[in-house]
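*Asks:*
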Amino acid sequence: GAVVSQHPSWVICKSGTSVKIECRSLDFQATTMFWYRQFPKQSLMLMATSNEGSKATYEQGVEKDKFLINHASLTLSTLTVTSAHPEDSSFYICSFEKTVGTDTQYFGPGTRLTVL
Amino acid sequence: GQQVMQIPQYQHVQEGEDFTTYCNSSTTLSNIQWYKQRPGGHPVFLIQLVKSGEVKKQKRLTFQFGEAKKNSSLHITATQTTDVGTYFCAGPGKGQAGTALIFGKGTTLSVSS
Chain S
842 GAVVSQHPSW
852 VICKSGTSVK
862 IECRSLDFQA
872 TTMFWYRQFP
882 KQSLMLMATS
892 NEGSKATYEQ
902 GVEKDKFLIN
912 HASLTLSTLT
922 VTSAHPEDSS
932 FYICSFEKTV
942 GTDTQYFGPG
952 TRLTVL
Chain U
21 GQQVMQIPQY
31 QHVQEGEDFT
41 TYCNSSTTLS
51 NIQWYKQRPG
61 GHPVFLIQLV
71 KSGEVKKQKR
81 LTFQFGEAKK
91 NSSLHITATQ
101 TTDVGTYFCA
111 GPGKGQAGTA
121 LIFGKGTTLS
131 VSS
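Chains S and U, in that order, give the protein sequences. To convert, count from 1 in the first sequence and add 841; that's the working numbering. To convert, count from 1 in the second sequence and add 20; that's the working numbering.
1. List the residues of chain U whose Cβ lies closer than 9 Å to the Cβ of Q946 (chain S), in chain order.
2. Taking the straight line between their C-alpha atoms, what separation do you get for P881 (chain S) and F108 (chain U)?
3. What are the residues of the stretch 876-906 of chain S that lie near chain U, defined by any Cβ-Cβ distance shorter than 9 Å?
4. Report the start-end ranges of each beta strand (DSSP E) in the stretch 41-106 of chain U that is 3 residues or longer and not cut off at the edges.
5. Would you kindly work out how many angstroms separate the C-alpha atoms of K77 (chain U) and F83 (chain U), rounded to a whole number?
6. Contact defined as beta carbons within less than 8 Å: I believe E904 (chain S) pairs with T872 (chain S). What is the distance between those atoms, to the nearest angstrom?
7. For N44 (chain U) versus V64 (chain U), is the C-beta spacing smaller than 9 Å?
8. Taking 6 Å as the limit between beta carbons, can you name the residues of its chain near H32 (chain U), skipping five residues before and five after?
9. Out of S:T945, S:A913 and S:R865, state which residue places its alpha-carbon closest to the alpha-carbon of Q847 (chain S).
10. Return the CA-CA distance between Q870 (chain S) and I910 (chain S), expressed in angstroms with no decimal places.
11. Are any of the Cβ atoms in chain S nearer than 9 Å to that of Q22 (chain U)?
12. Along the stretch 848-860 of chain S, where does the CB come closer than 9 Å to a CB of chain U? Name the residues.
13. Beta-carbon separation of S856 (chain S) and P927 (chain S) under 9 Å?
14. For a contact meaning CB atoms closer than 7 Å, what does I934 (chain S) contact in chain U?
15. So the candidates are S:A889, S:W851 and S:L954; which of them puts its Cα closest to the Cα of I122 (chain U)?
16. How many Å lie between Q879 (chain S) and M886 (chain S) at the Cα?
17. What do you reckon, are the CB atoms on A110 (chain U) and Q53 (chain U) nearer than 9 Å?
18. Measure from the C-beta of G86 (chain U) to each C-beta in chain S and report whether the shortest distance is under 9 Å.
19. In terms of alpha-carbon separation, which member of S:R953, S:E863 and S:G902 lies closest to L915 (chain S)?
20. Hey, how far is the Cα of T99 (chain U) from the Cα of G36 (chain U)?
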C-alpha cells in the first residue's frame, strides 16, 4: 500500500512557540493532501485541504493564520502550528487520496503535539 | 451539515464473542469506508463499499452497506485480542475544497481473554 511519513512523530513544546510538522508521500505524487486533528478519545476532524502550488483551504473554525500549511511539492506538505497553546495539544494526521476519484485515503502515522 | 453517527461508542467483549458496530449518515453516500485505529496508532484503511446492499467479507469481518446507502455495519465474528482498537466509518463529505472524509465518532472495542 501507499506509504506516508510524518515527522516528528511526537513533540513537546512550550506555550508560545511554533511547531512544524512534515508530511511526505514516499511512493507517489499527491496533488491534494488533507490535514486532520484528533483530540483524545474523539474522532478525526478535517482541518484543511492542502493543494500543491496553491493556498490551502481551511474548514470553518480553523484559523488559517495559526495553522500555516505549505504544499510546496507533490510529495511534501507541512503544517506549522504558530504560537502554540495547551489547547492545541492534539494528534495531527495528514492523509492523501492516492487515486483521484476513489475517495479512499491513506493516512500518515500522525504527530502527537503536547504544548506545556 | 452532513453527519455520520456511530454506535455504540464503546464495546467490551470476551474473546470469542461477536461484535457489531453500526454507522448512520444523515445524507446518502456515494460510498462508505471503514478504518481501524489501534491504540496510539493512526487510522488504517480496511474497506470501501460502493454499491447499495453490498456485503464484503475479510476473514472474520463482514461489512454491509444499506440499501438506501445511508447506513453500514461492521460485524466481527469470534473476536480475538488482535481486534482491539477503534473502528471508524467515514463517508465522503464536502470539505471547503475537495472530497475529504467525514468520520463517525468511532466504536472502541476491547477484548478480554
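Ideal Cβ positions, reconstructed from N, Cα and C, are used throughout, including at glycine.
*Replies:* Answer, in terms of the structure:
1. What Q946 (chain S) touches in chain U: Q53, Y55, P63, F65, A110, A120 and L121.
2. Distance between the alpha carbons of P881 (chain S) and F108 (chain U) is about 15 Å.
3. Y877, Q879, K882, Q883, S884, L885, M886, L887, A889, T890, N892, A897, T898, Y899, E900 and Q901
4. If you keep only unbroken beta strand (DSSP E) runs of at least 3 residues inside the stretch 41-106 of chain U, you get 52-57, 64-69, 75-78, 81-85 and 91-96.
5. 6 Å
6. With a Cβ gap of about 25 Å, E904 (chain S) and T872 (chain S) do not count as contacting.
7. In this structure, N44 (chain U) keeps its C-beta atom at 9 Å or more from the C-beta atom of V64 (chain U).
8. S130
9. Per the Cα distances, S:R865.
10. 17 Å
11. Not an interface residue.
12. none
13. yes
14. H62
15. S:A889
16. 6 Å
17. yes
18. Residue contact check for G86 (chain U) against chain S: no CB pair falls below 9 Å.
19. S:E863
20. 5 Å
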